[in-house]
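**Q**
Number of protein chains: 2
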Amino acid sequence: MRDRSPRTASYSVDVVLMTAMGNELAVLFARNSTERERWSLPWRISQSGETLDAAAARVAQEALGESPIWMEQIGAFGDGKRHPSDADVSVAHMGLVPHETASPRAGYAWFSIGDLPPLSPRQRAMIETATRTIQGRLDQAPIAFRLLPATFTLSELQQMYELLLSKRLHKASFRRALQASWLVESIDEWRSEGRGRPAQLFRYAPKKRRRPQRGVRFDFLYP
Amino acid sequence: MRDRSPRTASYSVDVVLMTAMGNELAVLFARNSTERERWSLPWRISQSGETLDAAAARVAQEALGESPIWMEQIGAFGDGKRHPSDADVSVAHMGLVPHETASPRAGYAWFSIGDLPPLSPRQRAMIETATRTIQGRLDQAPIAFRLLPATFTLSELQQMYELLLSKRLHKASFRRALQASWLVESIDEWRSEGRGRPAQLFRYAPKKRRRPQRGVRFDFLYP
DNA sequence: GCGAATTAGTCACTTTATGCGACTAAAGTC
DNA sequence: GACTTTAGTCGCATAAAGTGACTAATTCGC
Chain X
1 MRDRSPRTAS YSVDVVLMTA MGNELAVLFA RNSTERERWS LPWRISQSGE TLDAAAARVA
61 QEALGESPIW MEQIGAFGDG KRHPSDADVS VAHMGLVPHE TASPRAGYAW FSIGDLPPLS
121 PRQRAMIETA TRTIQGRLDQ APIAFRLLPA TFTLSELQQM YELLLSKRLH KASFRRALQA
181 SWLVESIDEW RSEGRGRPAQ LFRYAPKKRR RPQRGVRFDF LYP
Chain E
1001 MRDRSPRTAS YSVDVVLMTA MGNELAVLFA RNSTERERWS LPWRISQSGE TLDAAAARVA
1061 QEALGESPIW MEQIGAFGDG KRHPSDADVS VAHMGLVPHE TASPRAGYAW FSIGDLPPLS
1121 PRQRAMIETA TRTIQGRLDQ APIAFRLLPA TFTLSELQQM YELLLSKRLH KASFRRALQA
1181 SWLVESIDEW RSEGRGRPAQ LFRYAPKKRR RPQRGVRFDF LYP
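Shown next as structure tokens:
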């Protein structure tokens, strides 16, 4: 590997790390080193010779001590002024972690999405985009599965979908659609949650299947 | 407007302008100023004080003399080396124009997507992302309508969808779904295309309607 | 002028997907 | 052991999508 001396780059790499905390989504923030009461999304000034994905992975690693199971770039943001760095542009990534296994390092903390700290407009836009991306890609990528532990009950899975979609789902329909998708596999374990019948545990194990070939959809309203 | 002296920024703004040319998608390229046989996507080095969207609009304007009807950022690209500029990172936008009204300025030309000139890996990735974005957002945004002239026949619309999806659609199903969507409106004009019954003209005129509230979809295969 | 060819547009029937209430099952609570 | 609670399934009703066959309006060949 060649060692090029890093030079000041005019863009930052920011990461929106999300988890499902209780009944709400939560985002990970880093405490500001100078103003102790200010928080911001974890970020770093990019270094030449590092890919965007690698930079984002490193930011996440520093915050959590581990890499998120799912990570995806959500775009470049340059319009809102006043980023914690002085960068003209920030490239944002979104990362998902199950809450059970995610313990932030010192100086980092989860904030529930309904109760965020004051932020720069640019970082606020990133979080807005991340939540919209989650909703929009829920049916195209295993978002919900990445927010759950490796094994889970079908009720937990349904509750995760309900949380992410902000709407109730019908149990029988949910399970029928899930069956048809060949995405999960039951394992020979049950979990008893105090009262009620114990639930069987499942894991995410997508199987080959024909891609459902539907006709056209016109699912947009405007414009 | 404040006049700040521009400084070298380490990112470029590139635009993937697309149109439907005959039976294929086509992308707009700019002739390289030094090597006359080389082509590249239109781009510019960003200037401080200009938003990303504004920079992209300006690049498109310079290439076409007009702004595309539809434009959307498709991400930041930093991994493939050797961009025409020396930028570490390039922010790419996608723009759509109807071919009928799109005449490139001198030094620019359309290349059919199946027959592209040699490109830097990074710009190749942008085009790849743009085509995937088109397919993925076809049912969520009026992509097909933006590639057609203001008035069109339903057969033309269906052919556009067939081109973008690379598959045949059934006429009756297509029209039934379109009716249900309240996206088009017939106008009192007919077009005769030589042989066959004349077709009524329509225009894109989305009407208010309830958002179709379906249950969950598990439409992904892997991962 | 007239039948064949061509493109537009619609209909009716079948198949598939989804919504939804009601049911059975297995545990804890009192 | 009756009641509550959560898990899991069944079956019917309704909605959406796939499909071939039909009618309609025009040009073309002769």
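Chain order of the listed sequences is X and E.
Counting from 1, one number per residue, gives the positions in the first sequence under our numbering.
Counting from 1001, one number per residue, gives the positions in the second sequence under our numbering.
Every residue, glycine too, gets a C-beta built ideally from N, C-alpha and C.
Tell me which residues of the region 1057-1076 of chain E have at least one Cβ-Cβ distance to chain X shorter than 7 Å, keeping chain order.
**A** Listed by position, the residues of the region 1057-1076 of chain E near chain X (Cβ gap below 7 Å) are Q1073, G1075, A1076.
**Q** For L154/X versus G95/X, is the C-beta distance shorter than 7 Å?
**A** In this structure, G95/X does not lie closer than 7 Å to L154/X by Cβ.
**Q** Name the chain X residues whose beta carbon is nearer than 9 Å to that of H1170/E?
**A** What H1170/E touches in chain X: G215.
**Q** Taking one C-beta from the region 167-176 of chain X and one from the region 130-147 of chain X each time, how about it: are there three or more such pairs within less than 8 Å?
**A** Not touching, per the Cβ criterion.
**Q** Nearest by alpha-carbon distance to S90/X: which of R36/X, G114/X, V97/X, A56/X is it?
**A** Closest by alpha carbon: A56/X.
**Q** Taking V1015/E as the query, report the chain X residues whose CB atoms sit under 7 Å from its CB, ordered along the chain.
**A** Residues of chain X passing the Cβ test: none, with the nearest at roughly 14 Å.
**Q** Let's test the definition: count the other Cβ atoms within 10 Å of the Cβ of G1075/E and tell me whether it reaches 16, buried, or not, exposed.
**A** Counting Cβ neighbours within 10 Å, G1075/E comes out buried, since at least 16 surround it.
**Q** Using 7 Å as the limit for Cβ to Cβ distance, is L1028/E near chain X?
**A** No - not a single Cβ of chain X is within 7 Å of the one on L1028/E.
**Q** Is R1044/E near V1013/E, with beta carbons less than 7 Å apart?
**A** Yes; because the gap between Cβ atoms is below 7 Å, this pair is in contact.
**Q** Based on DSSP bridge pairs, tell me the residues matched to G1095/E.
**A** L1017/E, M1071/E.
**Q** Spatial neighbours of N1032/E within its chain, please: C-beta separation below 7 Å, excluding the five flanking residues on both sides.
**A** Same-chain partners within the cutoff: R1038, W1039, S1040.
**Q** Report the option in P1042/E, P1098/E, A1150/E, R1211/E whose CA atom is closest to the CA atom of G1187/E.
**A** Looking at the sequence itself, residue 1187/E is Ile, so the reference to Gly does not match. Residue A1150/E is the option with its Cα nearest to I1187/E.
**Q** Going by DSSP, what residue range makes up the beta strand (DSSP E) through T1153/E?
**A** Its beta strand (DSSP E) spans residues 1151-1153.
**Q** Could you pull out every residue in the same chain whose Cβ sits closer than 6 Å to the Cβ of Y1146/E, ignoring the five residues on either side in sequence?
**A** The sequence given here has Arg at residue 1146/E, not Tyr. Taken in chain order, the residues that qualify are I1069, W1070, L1096.
**Q** Going straight from the alpha carbon of S1048/E to that of A20/X, what length do you get?
**A** Each residue's alpha carbon lies about 38 Å from the other.
**Q** Measure from the alpha carbon of P142/X to the alpha carbon of each residue in P206/X, F220/X, L28/X, S112/X, then state which is nearest.
**A** Cα-wise, what sits closest to P142/X is P206/X.
**Q** Leaving out five residues on either side along the sequence, give the residues of the same chain with a beta carbon under 6 Å from the beta carbon of G80/X.
**A** Cβ within range, chain order: P121, R122, A125.
**Q** Note down, in chain order, every chain X residue with its Cβ under 8 Å from the Cβ of F1209/E.
**A** The amino acid at residue 1209/E is misidentified as Phe; the sequence shows Arg. The answer, in chain order, is L221.
**Q** If we count the other Cβ atoms within 10 Å of its Cβ and call it buried at 16 or more, is E1156/E buried or exposed?
**A** With 16 or more other Cβ atoms within 10 Å, it is buried.
**Q** Whose C-alpha, out of L1052/E, S1046/E, Q1073/E, is nearest the C-alpha of T1129/E?
**A** Nearest of L1052/E, S1046/E, Q1073/E to T1129/E, Cα basis: Q1073/E.
**Q** In three-state DSSP terms, what is S166/X?
**A** Three-state result, S166/X: coil.
**Q** For R7/X, I'd like the list of residues in its chain whose CB is within less than 7 Å of its CB, leaving aside the five on either flank, ordered along the chain.
**A** A caution first: R7/X carries a pLDDT of 44, below 50, which makes its placement in the model unreliable, though a value can still be read off. Cβ neighbours of R7/X beyond the five flanking positions: S48.
**Q** Which residue's Cα is closest to the Cα of W1110/E: L1138/E, L1164/E, M1160/E, A1063/E?
**A** The residue with the shortest Cα to Cα distance from W1110/E is A1063/E.
**Q** Alpha carbon to alpha carbon, how far is R1195/E from Q1213/E? Give it in angstroms, no decimals.
**A** So the two alpha carbons sit approximately 42 Å from each other.
**Q** Excluding five sequence neighbours on each side, which residues of the same chain lie with their C-beta closer than 8 Å to the C-beta of D115/X?
**A** Counting only Cβ-Cβ distances below 8 Å, and skipping sequence neighbours, we find nothing.
**Q** For G78/X, go through chain E and note every residue whose CB falls closer than 7 Å to its CB, in chain order.
**A** Within 7 Å Cβ-Cβ: T1051, L1052.
**Q** Kindly list, in the order they appear in chain X, the residues whose Cβ is closer than 9 Å to that of F1174/E.
**A** Per Cβ cutoff of 9 Å: G215, V216.
**Q** Reducing DSSP to helix, strand and coil, say where D1003/E ends up.
**A** The predicted model places D1003/E with a pLDDT of 38, which falls under 50 and marks its position as unreliable; any figure quoted below should be read in that light. Coil.
**Q** Helix, strand or coil for I1113/E, going by three-state DSSP, please let me know.
**A** Coil at I1113/E, not helix or strand.
**Q** In chain E, what lies closer than 9 Å to P206/X by C-beta?
**A** Under the 9 Å cutoff, chain E gives F1220, L1221, Y1222, P1223.
**Q** With 7 Å set as the bound, which would you pick, yes or no: does the beta-carbon of D1088/E sit closer than that to a beta-carbon of chain X?
**A** Yes, D1088/E lies at the interface with chain X (some Cβ there is under 7 Å from its Cβ).
**Q** Does any residue of chain X bring its CB to less than 7 Å from the CB of L1183/E?
**A** Yes, contact with chain X.
**Q** Is the separation between the beta-carbon of S192/X and that of F1218/E shorter than 7 Å?
**A** No.
**Q** Assuming Y1011/E and A1087/E are in contact, meaning their beta carbons sit under 8 Å apart, how far apart are those beta carbons, in whole angstroms?
**A** Right, the Cβ-Cβ distance comes to about 5 Å (below 8 Å), so this counts as a contact.
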